[in-house]
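Step one of this worksheet: look at the structure below.
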């Protein structure tokens with residue numbers, strides 16, 4: 066069999082001969098003017114099928130190959146573009162930015178792959194943080210409440226006690242204050258009468274020892290020795306008193322109510338509640354001062370020498386509640402409603418949400434804290450005698466006591482010798498008179514539940530929070 070090139074050349078020659086006259090390509094014929102004979106061409110094609118087929122493949126294949134190649138290329142481009150888009154989407158997950166916020170730290174942005182495992186771990190961490198936050202809230206509430214689950218004196222005014230309840234609450238407040246002073250190991254120098262009695266006995270003993278009838282029988286030398294003996298006795302009495310106490314303080318200087326009449330007529334439940342709230346603030350301050358002195362034996366060695374005064378400032382809500390029209394006693398009969406009128410609904414207050422933000426006003430204090438739906442801010446003016454070099458210990462002790470902060474402080478020298486003449490023994494250290502403002506926070510979820518209705522109304526809360534269990538619906542009466 067000849068090669069494919071020879072076959073193509075042979076085909077060309079045959080095709081040329083078909084165009085010559087006679088189709089034979091002899092001498093008598095010429096190529097000029099020759100015509101193509103279709104019948105001869107068809108006969109030739111039928112006799113040479115292999116050559117024709119080969120030539121057809123050679124002619125048609127390039128065109129067909131181009132058409133198929135261009136279609137495949139377009140399909141490959143579309144597929145490649147789709148794969149590129151999918152890859153870009155996957156790369157987004159590889160470079161996903163997540164902002165992680167942890168308590169006490171600034172928000173931190175992390176880049177990485179977010180997958181199911183990551184989400185589960187983050188959810189687990191979030192649940193732990195939520196649990197920690199709830200635990201901190203409970204601890205803060207317990208710390209602030211400090212076991213004060215109820216008022217230590219009932220303030221509900223009824224028709225039966227309207228004339229006596231103020232006196233009973235007043236007596237309970239005074240008794241609580243005396244107990245707090247005793248617990249803090251606070252005391253005072255011997256009273257004037259006690260001092261006179263003790264010195265009189267010493268003088269009688271001295272005169273008897275000198276075998277004289279009275280003081281007039283003493284000579285100058287004996288009289289000088291008597292005066293020295295009385296002076297020593299007085300200093301001994303002062304020293305004995307200072308050795309048994311932590312600091313000097315007395316109830317009349319601590320801002321307690323002066324008489325039951327301060328409750329008003331008829332007695333205001335809001336005012337009697339604030340008596341007890343005031344006691345809690347004062348006893349927290351005394352507890353802080355006692356803690357500062359706890360490492361020391363007595364007032365001579367301790368940083369706090371004397372409490373000159375404590376004055377708890379009255380809050381505006383108390384004035385508003387006290388100025389409101391007094392409510393009827395708890396057991397007073399209700400006035401009949403007009404015919405067809407519905408009974409008034411019980412007041413409803415928004416639940417306290419511990420997660421809501423609070424506002425600050427730094428024009429009022431260095432902390433910027435002010436009363437809001439989460440807590441009440443109470444302030445007290447405190448005046449003390451303190452060992453000058455140990456003042457930081459006192460301020461730190463106050464800051465550790467029940468969310469209390471010293472927001473202002475002034476210091477001036479105090480005279481220990483003048484104080485000693487009055488029986489106050491401060492020791493050899495230099496002392497100062499310190500005036501400070503102490504701010505304390507009181508969390509609403511517990512303190513508001515103890516408030517009387519008139520005070521709750523003025524604050525717009527009843528102490529319930531969004532985390533409290535919903536109240537059970539009253540059981541429906543059985544149908545007959």
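Numbering (this note's numbering), first residue to last: 66 to 545. Ideal Cβ placement from N, Cα and C applies to all residues, glycine included.
Query: Under the assumption that residue 231 contacts residue 328 (Cβ atoms under 8 angstroms), give the Cβ distance between them as a whole number of angstroms.; Result: 4 angstroms
Query: Using the Cα positions of residue 204 and residue 449, report the straight-line distance between them to the nearest angstrom.; Result: 31 angstroms
Query: Specify the secondary structure class of residue 225 as computed by DSSP and reduced to three states.; Result: coil
Query: Could you pull out every residue in the same chain whose Cβ sits closer than 8 angstroms to the Cβ of residue 324, ignoring the five residues on either side in sequence?; Result: 235
Query: Looking only at its chain, what residues have a beta carbon closer than 7 angstroms to the beta carbon of residue 298, apart from the 5 residues adjacent to it on each side?; Result: 263, 264, 267
Query: Determine, using beta carbons only, whether residue 531 and residue 426 come nearer to each other than 8 angstroms.; Result: no
Query: Between the C-alpha atoms of residue 282 and residue 479, what's the straight-line distance to the nearest angstrom?; Result: 42 angstroms
Query: Sorted by chain position, which residues of the same chain lie with C-beta nearer than 6 angstroms to residue 91's C-beta, five sequence neighbours on each side aside?; Result: The pLDDT assigned to residue 91 is 47, lower than 50, so where the model puts this residue is not dependable; a value taken from the coordinates is nonetheless given after this. The answer is none, since no qualifying residue turns up.
Query: If we ignore side chains and look at the alpha-carbon of each, how far apart do residue 503 and residue 196 end up?; Result: 32 angstroms
Query: Distance, Cα to Cα, residue 257 vs residue 413?; Result: 57 angstroms
Query: Cα separation between residue 528 and residue 340?; Result: 20 angstroms
Query: Report the rounded CA-to-CA distance for residue 454 versus residue 194, giving the unit in angstroms.; Result: 42 angstroms
Query: From which residue to which residue does the alpha helix (DSSP H) around residue 477 run?; Result: Unbroken run through residue 477 is the beta strand (DSSP E), 469 to 478; no alpha helix (DSSP H).
Query: Just to check my reading of the structure: residue 312 and residue 371 have Cβ atoms closer than 8 angstroms, yes? What is that Cβ distance to the nearest angstrom?; Result: 6 angstroms
Query: Quick check on the burial criterion: 16 or more other C-beta atoms within 10 angstroms. Buried or exposed for residue 174?; Result: exposed
Query: At which residue ranges does the segment 415 to 485 contain complete beta strand (DSSP E) runs of 3 or more residues, listed in the order of the chain?; Result: 440 to 452, 469 to 478
Query: Residue 183 by DSSP, collapsed to three states: which one?; Result: helix
Query: So, is residue 381 buried or exposed, given that buried needs 16 or more other C-beta atoms within 10 angstroms?; Result: exposed
Query: If you reduce the DSSP assignment to three classes, tell me which class residue 524 lands in.; Result: helix
Query: Tell me residue 375's beta-bridge partners as DSSP assigns them.; Result: 447
Query: Distance check for residue 237 and residue 198, CA to CA, integer angstroms please.; Result: 38 angstroms
Query: Going by C-alpha distance, which of 335, 491, 364, 314 is nearest residue 379?; Result: 335
Query: What is the DSSP secondary structure of residue 201, reduced to helix, strand or coil?; Result: helix
Query: Measure from the alpha carbon of residue 442 to the alpha carbon of each residue in 501, 512, 271, 420, then state which is nearest.; Result: 512
Query: Mind checking residue 321: buried by the 16 CB within 10 Å criterion, or exposed?; Result: buried
Query: Let's test the definition: count the other Cβ atoms within 10 Å of the Cβ of residue 444 and tell me whether it reaches 16, buried, or not, exposed.; Result: buried
Query: Once you ignore the five residues that flank residue 474 on each side, which residues in its own chain have a CB closer than 6 angstroms to its CB?; Result: 501
Query: Report the option in 432, 211, 497, 292 whose CA atom is closest to the CA atom of residue 368.; Result: 497
Query: How about residue 310 and residue 363: are their beta carbons less than 8 angstroms apart?; Result: yes
Query: Touching or not, the segment 340 to 356 and the segment 273 to 291, by the rule of three or more beta carbon pairs under 8 angstroms?; Result: no
Query: Nearest to residue 485 by CA position, among 319, 303, 360, is which residue?; Result: 303
Query: Specify, as a first and last residue, the run of the beta strand (DSSP E) that residue 243 falls within.; Result: It is not in any beta strand (DSSP E) - residue 243 instead sits in the alpha helix (DSSP H) that spans 230 to 248.
Query: How about residue 326 and residue 462: do their beta carbons lie closer than 8 angstroms?; Result: no
Query: Do you know whose CA, among 296, 259, 518, lies nearest residue 271's CA?; Result: 296
Query: So, with DSSP's three-state summary, where would you put residue 307?; Result: helix
Query: If residue 437 sits next to residue 423, beta carbons under 8 angstroms apart, how far is it from one beta carbon to the other, in whole angstroms?; Result: 5 angstroms
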